[in-house]
């Protein structure tokens, strides 16, 4: 039976001292217990030390490696969503030396797969995650064998302006430039556009084929696909002679519904390696109450933002704007504003 690849997300910031991490473990509860073993405050316990403790006793054997297409990768990996993301994770360039320490540590422990995306990074820092990974790979102080075994798995976003396979290929070449590499380990389509732009979806599939045929990637994958759409793209790629190697799915104790289980079954039937990202639910299952509060606050902000958009559509932008102006004139704080947005949706 094909094992599941597990992933978890955290962030390197003053509140979240983990960094966004991607764990490939057959038993994610083991990593969770190690992450929560220490009772010290996260504000005084650095990301580097915490992660060092977390993996110091989880070194794996070569036979535990996972097969993703032609690649053999470690059963544990590192994800880099937070690298360059100031908006959600409070990234700052002063964190780069600590991130490089983290990178060197995990590679020295035998971890060789790193997940990133061309959309990771905000504003002027867009693509920063790929840039940092490329830099850290080049400056890795270990052996050439370790450096050459590193696999970068990047996801290419289906932005509205990427409507042809050629534009998708150009996006991949942009990632290669930021990484400073000639070939990417796993090139992935970040999400499906079938529900809102079905014509673009087929062009993106052709883009994945082109990436494979031109040798820009060693394997292709998808992310955030449901079971039915996954079967469709698998069949389409198979006809073009391109194997679908991996599929990223949000999977955790808080996200383990019928659709996730069906997706897992489809991956098993099709021979696709499932990458279960966020098995610790963005840190909410890590046992850290501070992290839990911050994650809940982010969720509330996201819900409130959705409510704002809904109100703008239902009552009109001018009416909604007057409501916000009134709240500001009354001196109401942001917390109360969030509550009002939720109550009046």
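In our numbering, the protein residues as written are 7 to 351. Virtual Cβ for every residue (Gly too), placed ideally from N, Cα, C.
- Give me the Cα-Cα distance between residue 154 and residue 102, rounded to the nearest whole angstrom. Looking up residue 154 in the chain shown gives position 148. Looking up residue 102 in the chain shown gives position 96. Going by the C-alpha atoms only, they are around 22 Å apart.
- Query: Which residues in the same chain have their Cβ closer than 7 Å to the Cβ of residue 213, if we skip the five residues on either side of it in sequence?
  - Reply: Reading the chain shown from its first residue, position 207 is the one you call residue 213. For residue 213, where only same-chain residues beyond five positions count, the Cβ hits under 7 Å are 171, 174 and 175.
- Task: Counting only the same chain and skipping the five closest in sequence on each side, list residues whose C-beta sits under 6 Å from that of residue 112.
- Result: Here residue 112 refers to the residue found at position 106 when the chain shown is read from its first residue. Correct list, in chain order: 84.
- Query: Among residues of its own chain, excluding the 5 on either side of residue 242, which ones have a beta-carbon nearer than 7 Å to its beta-carbon?
  - Reply: The count along the chain shown starts at 1 and reaches residue 242 at position 236. Around residue 242, the same chain offers 211 as residues with beta carbons nearer than 7 Å, after the five sequence neighbours per side are excluded.
- Message: Going residue by residue through the segment 73–109, where are the continuous beta strand (DSSP E) segments of at least 3 residues, counting only ones entirely within it?
- Response: Within the segment 73–109, the complete beta strand (DSSP E) runs of at least 3 residues are 77–79.
- Buried or exposed: residue 202, going by 16 or more other Cβ atoms within 10 Å of its Cβ? For the purposes of this step, residue 202 is taken as the residue at position 196 of the chain shown. Its Cβ having fewer than 16 others within 10 Å, residue 202 is exposed.
- Message: Once the 5 residues before and after residue 352 are set aside, which same chain residues still bring their CB inside 8 Å of it?
- Response: A query on residue 352 cannot be resolved here, the shown segment of the chain reaching from 7 to 351 and no further.
- Task: Rounded to whole angstroms, what's the CA-CA distance from residue 162 to residue 254? Just pull it up for me.
- Result: Along the chain shown, read from residue 1 onward, the residue named residue 162 stands at position 156. Along the chain shown, read from residue 1 onward, the residue named residue 254 stands at position 248. Residue 162 and residue 254 have their alpha carbons spaced roughly 13 Å apart.
- Between the Cα of residue 215 and those of 237, 94, 245 and 204, spot the shortest distance and give me the residue it belongs to. Your numbering for residue 215 matches position 209 in the chain shown. Comparing Cα-Cα distances from residue 215 to each of 237, 94, 245 and 204, the minimum goes to 245.
- Message: Alpha carbons only, please: which of 272, 138 and 290 is nearest the one belonging to residue 235?
- Response: Taking the chain shown and counting its residues from 1, the one referred to as residue 235 is at position 229. Checked all of 272, 138 and 290; the closest Cα to residue 235 is 272.
- Task: Please determine if the segment 186–205 and the segment 224–233 are in contact, where contact requires at least 3 C-beta pairs separated by less than 8 Å.
- Result: Yes: the two stretches touch, three or more of their Cβ pairs being nearer than 8 Å.
- Ignore the nearest five residues each way along the sequence and tell me which others in residue 131's own chain have a CB closer than 6 Å to its CB. Walking along the chain shown from the start, residue 131 turns up at place 125. Residues of the same chain with a CB within less than 6 Å of the CB of residue 131, apart from the 5 flanking positions on each side, are 90 in chain order.
- Alpha carbon to alpha carbon, what distance is there between residue 150 and residue 263? Position 257 of the chain shown holds residue 263. Position 144 of the chain shown holds residue 150. Taken atom to atom, the span from the alpha-carbon of residue 263 to that of residue 150 is near 43 Å.
- Query: In terms of residue numbering, what span does the alpha helix (DSSP H) encompassing residue 242 cover?
  - Reply: Start at 1 with the first residue of the chain shown, and residue 242 comes out as number 236. Per DSSP, residue 242 belongs to the alpha helix (DSSP H) from 233–245.
- Burial state of residue 193 (16 or more Cβ within 10 Å): For the purposes of this step, residue 193 is taken as residue 187 along the chain shown, with counting starting at 1. For residue 193, the number of other beta carbons within 10 angstroms of its own is at least 16, and it is reported as buried.
- Item | residue 269 - containing alpha helix (DSSP H), residue span | Locating residue 269 in the chain shown gives position 263, where the first residue counts as 1. From DSSP, the alpha helix (DSSP H) with residue 269 extends over 264–276.
- Pull up the CB-CB distance for residue 157 and residue 217, whole angstroms please, since I reckon it's below 8 Å. The residue labelled residue 157 in the question sits at position 151 within the chain shown. The residue labelled residue 217 in the question sits at position 211 within the chain shown. Going by Cβ atoms, the distance from residue 157 to residue 217 rounds to 15 Å, so no, they are not a contact pair.
- Query: So is residue 137 buried or exposed if we call it buried at 16+ other beta carbons inside 10 Å?
  - Reply: As a position in the chain shown, residue 137 is number 131, starting the count at 1. By the 10 Å Cβ count, residue 137 comes out buried.
- Message: Between which two residues does the alpha helix (DSSP H) holding residue 182 run?
- Response: On the chain shown, residue 182 is found 176 positions in, with the first residue counted as 1. 171–185 is the span of the alpha helix (DSSP H), which, as asked, contains residue 182.
- Message: Give me the DSSP bridge partner(s) of residue 161.
- Response: Reading the chain shown from its first residue, position 155 is the one you call residue 161. In DSSP, residue 161 forms a bridge with 123 and 194.
- Item | Coarse secondary structure for residue 112, derived from DSSP in three states | Within the chain shown, residue 112 is the residue found at index 106, counting from 1. Correct three-state label for residue 112: helix.
- Message: How far does the alpha helix (DSSP H) with residue 216 in it extend, from its first residue to its last?
- Response: In the chain shown, counting from the first residue as 1, residue 216 sits at position 210. Residue 216 -> alpha helix (DSSP H) spans 204–219.
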